[in-house]
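So in this note's numbering, spot 204 of the sequence shown is number 1463, and the numbers just go up one at a time. Where is the CB? At the ideal position from N, CA and C, for every residue including glycine. Because the structure is a prediction, the values reported are computed rather than measured. What follows is a set of notes on a single structure, which appears directly below.
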Amino acid sequence: MNFQAAWFSSLILIAAWLLLSILLFACARPAWRSMQKHHSAPILSALILTTSWCLNAMTDEGQLAQMSYHLLAMNLVALMIGAPAALWLGSALLFPYLLLFNGGDGYAYPVNALALLLPPLIVNQLSCRLVNRLPANIFIFIFVNGFIASAVGMMLTGLVLVSILDISHAFPTSVLWTTAFPIFILIAWAEAFLSGITTAIFIALRPQWINTFDDNRYLKSSNKIW
């Protein structure tokens, strides 16, 4: 779901630019370390994000005309290369995406970036902290970090997006909460399934692509499956 610059005042756009710039600056050093350390994972992450975002569906008619929906894959990418690098990668790919699918309107880029990228990354960080406090079980890692975090991240993103649209009066309030928001609940199932299955496959076949997965913690001989 892409925002239009006309929906926001210049003050809001400037504030969004400042906040996004601060976040990117704070994440620059760990993101760069992750990109240097893991060569193949960032390239694959960029491909995953590009594919997930380009497979979008847009309503052309009715009260929700020009609203588009797509998978996020941000939680999966954060598991692969870490949240700081995921924020930088998502921010870098979002601008050309908006130019292609938002009618060339890139002025609302910072609002789109904050609303689209931050919610799933926040959920990812909370999920990782929770899993670190739970028993070191590989199925817990996959189920919580792969499945649940992806679904919750999508629903939180939908909540943020619809709330911003409601505040900006871009669409009727009743339509947003009775028609637009429930779609995110449905998409959350697909997001959870695809991200969770991909996480499980990568851990089984290419664990070096899930760089937040600690082999020493989860694959010790003393650990039990059940």
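- With burial defined as no fewer than 16 other Cβ atoms inside 10 Å of the residue's Cβ, what is the status of residue 1285: buried or exposed? Here residue 1285 is exposed. Its C-beta has fewer than 16 other C-beta atoms within 10 Å.
- Query: So which of 1432, 1313, 1411 and 1298 has the shortest CA-CA distance to residue 1445?
  - Reply: For the options 1432, 1313, 1411 and 1298, the alpha carbon positioned closest to that of residue 1445 is the one of 1411.
- Query: Is there contact between the region 1393-1407 and the region 1282-1301, where contact requires at least three CB pairs shorter than 8 Å?
  - Reply: The region 1393-1407 is not in contact with the region 1282-1301.
- Message: My output table needs one value for residue 1356: the three-state DSSP class, helix, strand or coil.
- Response: Note: residue 1356 maps to helix in three-state DSSP.
- Between the Cα of residue 1381 and those of 1408, 1367, 1401 and 1366, spot the shortest distance and give me the residue it belongs to. The candidate whose alpha carbon is nearest that of residue 1381 is 1408.
- Message: On the DSSP bridge list, what partners appear for residue 1316?
- Response: Residue pairing of residue 1316 in beta bridges, as defined by DSSP: 1328.
- Does DSSP put residue 1429 in a helix, a strand or coil? When secondary structure is reduced to three states using DSSP, residue 1429 falls in the coil class, being assigned neither helix nor strand.
- So is residue 1383 buried or exposed if we call it buried at 16+ other beta carbons inside 10 Å? Classification for residue 1383: buried.
- Indicate the three-state DSSP secondary structure (helix, strand or coil) for residue 1470 in the structure shown. When DSSP states are grouped into helix, strand and coil, residue 1470 belongs to the coil group.
- Item | Delimiting residues of the alpha helix (DSSP H) encompassing residue 1337 | Unbroken alpha helix (DSSP H) run through residue 1337: 1333-1340.
- Message: Using the three-state DSSP reduction, which class does residue 1287 fall into: helix, strand or coil?
- Response: It is helical.
- Measure the C-alpha to C-alpha separation of residue 1303 and residue 1356 and round it to an integer number of angstroms. Approximately 17 Å, taken between the alpha carbons.
- Which term fits residue 1298, buried or exposed, when burial requires 16 or more other beta carbons within 10 angstroms of its beta carbon? By the neighbour-count rule (16 or more Cβ atoms within 10 Å), residue 1298 is not buried but exposed.
- Specify the secondary structure class of residue 1279 as computed by DSSP and reduced to three states. Note: residue 1279 maps to helix in three-state DSSP.
- Item | Candidates 1312, 1370 and 1472: closest to residue 1269 by CA position | When 1312, 1370 and 1472 are compared, the shortest CA-CA separation from residue 1269 is found for 1370.
- Verify whether the separation of the beta carbon atoms of residue 1312 and residue 1329 is less than 8 Å. Yes, the Cβ-Cβ distance between residue 1312 and residue 1329 is below 8 Å.
- Query: Per the contact definition of three or more C-beta pairs closer than 8 Å, is the region 1468-1479 in contact with the region 1426-1443?
  - Reply: Touching, no, given that fewer than three Cβ pairs across the two stretches are closer than 8 Å.
- With a CB to CB cut of under 8 Å and the five nearest residues on each side skipped, what residues in its chain are close to residue 1368? Hits under 8 Å: 1353, 1354 and 1357.
- Query: Just checking, does the region 1331-1346 make contact with the region 1262-1277 on the three C-beta pairs under 8 Å criterion?
  - Reply: Short answer: they don't touch.
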